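Following: one structure in structure tokens, then a few remarks.
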Amino acid sequence: MSNSSLTRIQHQIRFELHSFRNELKKLSVPNYPSKTGNAIIEMLAGKLDKYEETLSKIMGDNEYEDENIVKQSHQKLITKIHNPLVKQDAKFLNWLSKAQTKRVPWSFVHCAEELFQQIIPNHNLLIYCENQYNYGICWSESKTLAPYPYYILSLPGLHRTNILWHTLVGHEIFHPRCNEFIDKYNQKVLINIKNTVTANYRSISSNEDSSDLFSDSEKKERIDNITNITHLAWRRAMEELLSDMACVEIFGPSAILAMKAFSACSPKNDIPEPDNNFYPSWQYRFEIVWDNFIKDKLSKLDDVYSEIRNQDIVKCFKEDMLENECLVEKKEGEHLINKHKLAKIAYKEVKTLISDAVNFVKDNTINISKWYDKKTLNQIPTLVGRLENGIPPNEAIIEINEQEGVYKTHPAAIPAILISGWMYETYWQEKFDSDERVMTYKTLSRLILKACEDIQTIEKIQQCQS
Amino acid sequence: MNDNAMVERWNIIDSAAMAVAVESVLYRLTKNKPLPFDVDEALNNGIGFLEEAQNGGAIICGEPESNEFNGTLTPLVWSTNIYINSKPNEEGMYKKIVTTLKSYRDLLEKIRKDEVKELSSKADIETANTAYDFFHQLARELMKQADPVTESYSHRI
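Read top to bottom, the protein sequences are chains V and B. Numbers 65 to 530, taken from the numbering used here, label the letters of the first sequence in order. Numbers 3 to 159, taken from the numbering used here, label the letters of the second sequence in order.
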């Protein structure tokens, strides 16, 4: 490693830092729907200052006559500055450009941020729309990489205004809480998995079975590798299931319908494996959340149904719920898991933790407004009626007396807005193609988005009045 | 690295930086050169990494040290890869790996605690040399995986 190569890489990195700073300046011009965008730009500018400081220290610490030290300085420039900058920090440039007001469902951003604050207090959320077909949340436990105080939530770009699907932010926002649960059981599960994997390995080795469970290199006593993969499958299953549970606990049937709509184009019953990032199958996920969060609570809607004026809407919604019930009844998700050796080992551990997981989710969403709260249920018939008449489902009016200036109203709760929206959606799916006079899906989405925007205003007016 | 996930404590970028920094400390110590500016950070991170790898190894051996292992086996898997490259795969391998990792961790802790600037005992010099080789190989492997250029490639779609 020559000194001139070290100088060259130093110049390259200085150029990269300068370019990054320029990009940040450009990104500080447009509007963001909340304060988080500009706060992140400030945080990144501070980080660039630190990189410059580190660069000077590395160059000042070098001993040019020792080739190994020159090489180590070269590697430090790469690992301490270049790699984190181009691999992690550069992602923020993409996130920020796609988090600008005009590029996100800005009416909904404050609702998602409020829910986030309830689940993960004292942290900040940046919401952006990505050109990919998935919801996601990114955060870091690294001690040096971004984004520490920031969580980055992505929505599928083509569905930016498809507010009903955004019920799924409830799932994403709970993801960072899953580690508390997983850490509690981590070691016990890891030991169980290791013991079962070892027992399986020994039985396969002794039978000289050419099963594809272990590749040739793995057969050389690489229990660590196989245990790690199986353990990862368990972790991933717990993360997804806990997040599903939280979303369904808060939004109930809206979450089920959003999951169903979002997964409509995906395989329903696949084995979790590295190729699919160990996602548990949709079928298995539906079975878990239906059995633990919906089955016993669905009857709470019975009183709501009778209050809804258009009984066609009720009929369509009930039919969809019944279809979901039939979908989970056969337990096909659970049966498939048992046919695959490693998945079976991982999911045996999952199964034993389900009831603890249900309690964990309930304990950690206790102060959040939920779909089965009396207040929420009472609002639903009014909100469905407003939506049907082309009015945003934003408030439940208690009393109006224009002569005496009385206007008593409750801003609609988000779970109530979404459930009324989904009820209407099931009706819309049935009626739209039959040329009956119903609004377009775009109008439906816009009305619900407007409702989300309005509730913040109504809350502010009420605060001023009180 | 998946965009929609948590960045693990021992992710590839941080781990590569840790390995390079510890390698640099050990090299300078064994050659009696002044320690680098990031010696404290290097020792803390190196000890943290070895601790997680060692605890993972203890679980594989069936002898966990505590009931609170919150990590993954990834540091152990990386360490085992390096170990296997230099030694034959043999009976009781994981026990030997755990013992080796512990000796490296003890050395780093001693350097941190006593603010060692120069190694005097023969045993310490020997451990420092093998630990240097370990972190040198680990840095090479992790830097290869962390290279941003190989994340994507031009291809027909």
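By construction, the Cβ of each residue, glycine as well, lies at the ideal position given by its N, Cα and C atoms. All figures in this text were calculated on a predicted structure; none of them were measured in a lab.
Quiz item: Looking at the structure shown, is Pro150 of chain B part of a helix, part of a strand, or coil, going by DSSP?
Solution: helix
Quiz item: Any idea if Glu466 of chain V is buried or exposed, counting beta-carbon neighbours within 10 angstroms, 16 or more meaning buried?
Solution: exposed
Self-check item: Given 8 Å, three or more beta-carbon pairs between the region 333-348 of chain V and the region 392-401 of chain V
Solution: yes
Quiz prompt | C-beta neighbour in chain B for Val150 of chain V, strict 8 Å | solution = yes
Self-check item: Span of the alpha helix (DSSP H), counted from its first residue to its last, around Thr231 of chain V
Solution: Thr231 of chain V -> no alpha helix (DSSP H), and no H or E assigned at all.
Exercise. Flag Lys35 of chain B as yes if its beta-carbon sits less than 8 Å from any beta-carbon of chain V, otherwise no.
Key: yes
Quiz item: With a Cβ-Cβ cutoff of 8 Å, do Trp486 of chain V and Leu508 of chain V count as a contact?
Solution: no
Exercise. Please state whether DSSP places Tyr192 of chain V in a helix, a strand or coil.
Key: strand
Exercise. Report the rounded CA-to-CA distance for Val253 of chain V versus Ala263 of chain V, giving the unit in angstroms.
Key: 15 Å
Quiz item: Per DSSP, what kind of secondary structure is Asn453 of chain V in: helix, strand or coil?
Solution: coil
Quiz prompt | Three-state secondary structure (DSSP) of Ala106 of chain B | solution = Position check: residue 106 of chain B holds Tyr in this sequence, whereas Ala was assumed. In this structure, Tyr106 of chain B counts as helix in the three-state DSSP scheme.
Quiz item: What in chain B is Cβ-close to His534 of chain V, meaning under 9 Å?
Solution: In this structure chain V extends from 65 to 530, so residue 534 of chain V is not present and cannot be described.
Quiz item: chain B partners of Asn95 of chain V, CB-CB under 8 Å?
Solution: Those within 8 Å of Asn95 of chain V in chain B number zero; the least Cβ separation is about 24 Å.
Quiz prompt | Three-state secondary structure assigned by DSSP to His474 of chain V | solution = strand
Self-check item: DSSP three-state assignment for Glu313 of chain V, whether helix, strand or coil
Solution: helix
Quiz item: Considering only residues of the same chain and omitting the five flanking positions on each side of Phe39 of chain B, which have a CB-CB separation below 6 Å?
Solution: none
Quiz item: From which residue to which residue does the beta strand (DSSP E) around Asn465 of chain V run?
Solution: 459-465
Practice problem: Output the distance between the C-alpha atoms of Glu92 of chain B and Thr101 of chain B, rounded to the nearest integer angstrom. | Solution: 15 Å
Quiz item: With distances taken between CB atoms, is the gap from Asn147 of chain V to Pro150 of chain B smaller than 8 Å?
Solution: yes
Quiz item: Can you tell me the Cα-Cα spacing of Lys151 of chain V and Leu160 of chain V, whole angstroms?
Solution: 15 Å
Self-check item: Beta-carbon proximity check, Ala297 of chain V vs Pro240 of chain V, cutoff 8 Å
Solution: no
Quiz item: What is the rounded straight-line gap between the Cα of Glu205 of chain V and the Cα of Asn186 of chain V?
Solution: 16 Å
Quiz prompt | Unbroken beta strand (DSSP E) run spanning Gly200 of chain V, endpoints | solution = 200-204
Quiz item: Among V:Asn250, V:Tyr265, V:Ala176, V:Cys193, which has the Cα closest to the Cα of Val233 of chain V?
Solution: V:Ala176
Quiz item: Roughly how far, in whole angstroms, is the beta-carbon of Glu313 of chain V from the beta-carbon of Lys434 of chain V, given that I think they are within contact range, below 8 Å?
Solution: 7 Å
Self-check item: Distance between Phe180 of chain V and Lys99 of chain V (C-alpha atoms, nearest Å)
Solution: Straight-line Cα distance between these residues: approximately 15 Å.
Practice problem: Would you tell me roughly how many angstroms separate the C-alpha atoms of Leu75 of chain B and Ala55 of chain B, rounded to the nearest one? | Solution: 7 Å
Quiz item: Interface residues of chain V around Leu78 of chain B at Cβ under 7 Å?
Solution: Asp288
Exercise. Could you tell me the boundaries of the alpha helix (DSSP H) in which Ser26 of chain B lies?
Key: 14-32
Quiz item: From the beta carbon of Met145 of chain B, is the nearest beta carbon of chain V less than 8 Å away?
Solution: yes
Quiz item: Ser433 of chain V by DSSP, collapsed to three states: which one?
Solution: DSSP places Ser433 of chain V in the coil class of the three-state scheme, outside both helix and strand.
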